[in-house]
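Notes for the one structure printed next.
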Amino acid sequence: MRSRARIYTCVAVAGLITLTAACSSAVSDAAGDHRGRLVLADAQPLGEYNPINGYGELGVSPLFDGLLKPQPLSDNEIPDLAPALATSPPKSNAEQTVWDVELRDGVQFHDGSRFDATDVVATYQAVLDPGTGSEIAASYDMIDTVAAVDDLHVRFTLRYPYAEFPARLLLGIAPSELVTAGPARDSQFNTQPVGTGPYTLAESRPDQAVFEANPHYWAGEPAVTTLVTTYVPDDNARAQQMHTGALSGTVIPPLLASSFTDSTVPVVAVQTVDWRGVSLPSNNPFTSDERTRIALNLGVDREAIIDNVLAGYGRPASTPFSDVYGDAYNAEGAFEYDLGEARRVLDGAGWIPGPDGIRTKDGQRAEFTLMYPASDSTRRDLATAFAAAVEPLGVMVTLLGATWDEIESNAESVAILLGGGDRPYSIDTQVYETLHSRGPNTPVYSNPGNFTIPGVDEALDVARRSIDPQVRVPA
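Basically this note's numbering = 1-based index in the sequence shown + 148.
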């Protein structure tokens, strides 16, 4: 599969750079005392706190708990999945088509109601209900039924064997009494969330959310009593607010982190399996040719991009997964930078340089538009570096910074500077939707160019549905 899945030109597996404020008086006055109150800045819009539509799906949320939660051991291995609202790891039958989960007793929702199996059933059924239009429904299509065996015992019956099912048990659970029919985008949970999590939502504005500690949290009241999250999409603005002490912490691009080298603000670099890559549209005359996609991969010097754009915080990537996945990773699938070979591949594919240096074939030019979110300086710089890298090949890339809504409306016809890796809990969650051809419920940014490459879907399906590692790994 890996040698055939040339849907993307993957650029790098990126590191995560976080800033945390030192406990100096200047910072404490502005951003809190860092024990009772924290002020964090996020580049992503706030709101839409509905677990049925994907909020808290990855098991990390101040408002909701899943049956399981990620429990990282270090930043160079995949996190374990530990019980949260479950009392122990789920148990399956031999075929791994039936999974039983025992639930924690004595847990309360924020509104004081008791958590039990009916809440788990209602939440998962709502995700699967076509009437809710859940954006994450495709990720749970292996579930046939979910039923309460008793108050503290839930049984999931699957449509097919699925060894990685525990990774689907991170979804935040909502109280059944408040799970109503109708589109998830219209649900009261978007603005009035009620969960079992360590915090309640005290205030919600487009630019700021205030979370207060839940004194009845089943795992103990949080040490930080007030958590303030502000929406600051501009990377430079977040960095500046850290310099002035307005924030307790944030995430910034690697290049901006260099401005804190001599600062009292601690800079923490964390290894991740996040990746950034260029998706290529299947309906473009140039990028629809497998040979041209191979040439683009050969013609990009990933090491240079990592050094110049990511300040060295990254590793070259040719696929959306890395060696952290052990035998599932194939090092032979990596592209080595070879500009001469890239040119020869394009020549062999019939794309010949024209008078202006841009290659043509049958009256079509080797050109396409690459869109990226304008507020994301790292993606902007990666897009710029990619366009510069392929220009010597005779390929013209027009860069277009835009909003996510604008990118979404053009997703099938343009290249996109994509990112992924936020579901690292198994190789299946990491790559299935990224590489599989699109279906009716596929998320917008999963294979947005909708490439269908012979053999890839079949290999992904075999790997997903087999319970034999000797079958899954080769697939």
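Built from N, CA and C at the ideal position, the CB exists for glycine as well.
Keep in mind it's a predicted model, so treat the numbers as computed, not measured.
| message | Please report the straight-line C-alpha distance between Ala178 and Pro354, rounded to a whole angstrom. | response | Its pLDDT being 44, under 50, Ala178 is placed unreliably in this model, and the coordinates cannot settle the point.
| query | Under a three-way DSSP split, which group does Val249 fall into? | reply | strand
| Is the region 574 to 590 close to the region 602 to 613, with three or more CB pairs under 8 Å? | yes
| said: Please state whether the Cβ-Cβ distance between Thr305 and Asp292 is less than 8 Å. | reply: yes
| field | Rounded separation between Ser594 and Ser427 - CA only | value | 10 Å
| Below 8 Å, can you find three or more Cβ-Cβ pairs linking the region 184 to 202 to the region 370 to 377? | For the pair of segments examined, the region 184 to 202 was found to touch the region 370 to 377: the number of CB pairs separated by less than 8 Å reaches three.
| Less than 8 Å separating the beta-carbons of Gly597 and Glu554? | no
| field | Met519, enclosing beta strand (DSSP E) - first and last residue | value | Glu515 to Pro521
| task | Pull up the distance between the alpha-carbon of Ala174 and that of Thr348, whole angstroms please. | result | Low local confidence applies: a pLDDT of 31 at Ala174 is under 50, so the model's placement there is unreliable, with the coordinate-based value given in what follows. Our two residues, Ala174 and Thr348, have alpha carbons roughly 28 Å apart in a direct line.
| field | Which of helix, strand or coil DSSP assigns to Ala350 | value | strand
| field | For Glu560, the residue or residues it bridges with in DSSP | value | Bridge partners of Glu560 according to DSSP: none are assigned.
| field | Extent of the continuous beta strand (DSSP E) run through Ile291 | value | Counting along the chain, the beta strand (DSSP E) containing Ile291 begins and ends at Ile291 to Asp298.
| alpha helix (DSSP H) segment containing Val426, residue limits | Taken as a continuous stretch (DSSP letters only), Val426 belongs to no alpha helix (DSSP H), being part of the beta strand (DSSP E) at Val415 to Ser427.
| message | Tell me the rounded alpha-carbon separation between His301 and Val545. | response | 55 Å
| message | Does Arg307 pass the burial test, meaning 16 or more other C-beta atoms within 10 Å, or should it be called exposed? | response | exposed
| Gln273 - containing alpha helix (DSSP H), residue span | Ala265 to Leu276
| task | Just the C-alpha distance for Gln98 and Pro227, rounded to the nearest angstrom, thanks. | result | Beyond the ends of the chain as shown, which are 149 and 623, falls residue 98; an answer cannot be given.
| query | Under the rule that 16 or more other beta-carbon atoms within 10 Å means buried, what is Ala189, buried or exposed? | reply | buried
| query | Per DSSP, Met544 forms a beta bridge with which residues? | reply | Glu515
| task | Note down the Cα distance separating Pro540 from Asp449, rounded to an integer number of angstroms. | result | C-alpha separation (whole angstroms): 12 Å.
| query | CB Asn362 to CB Asn198, shorter than 8 Å? | reply | no
| query | Thinking C-beta only, is Gly320 closer than 8 Å to Tyr203? | reply | yes
| So what does Pro501 bridge to, in DSSP terms? | Paired residue(s): Arg507.
| said: Please classify Gly214 as buried or exposed, where buried requires at least 16 other C-beta atoms within 10 Å of its C-beta. | reply: buried
| Which residues in the same chain have their Cβ closer than 8 Å to the Cβ of Ala170, if we skip the five residues on either side of it in sequence? | Residue placement at Ala170 is flagged as unreliable, the pLDDT there being 44, under the threshold of 50; the coordinate-derived value follows with that caveat. The answer, listed in chain order, is Thr412, Val413 and Pro414.
| request: Please work out which residues of its chain come closer than 6 Å, Cβ to Cβ, to Gly207, disregarding the five sequence neighbours upstream and downstream, and give them in chain order. | output: Same-chain partners within the cutoff: Gly214, Lys217, Pro218 and Leu318.
| Can you list, in chain order, the residues of its chain whose CB lies under 6 Å from that of Gly567, leaving out five sequence neighbours each side? | Arg424
| Going straight from the alpha carbon of Tyr461 to that of Ala230, what length do you get? | 29 Å
| query | Which residues bound the alpha helix (DSSP H) around Thr532? | reply | Thr532 -> alpha helix (DSSP H) spans Ser525 to Val538.
| said: Between the alpha carbons of Thr377 and Asp524, how many angstroms are there, rounded? | reply: 18 Å
| task | Under 8 Å Cβ to Cβ from Ala265, same chain only, skipping five residues before and after it: list those, please. | result | Excluding positions up to five away in sequence, the list reads Leu251, Ala296, Val297, Asp298, Asp299, Leu300, His301 and Val302.
| As assigned by DSSP and simplified to three states, the class of Arg571 | coil
| field | Ser236 burial status per 10 Å Cβ neighbour count (16 or more: buried) | value | exposed
| field | Residues bridged to Glu360 [DSSP beta-bridge criterion] | value | Looking at the DSSP assignment, Glu360 forms a beta bridge with Thr348 and Thr374.
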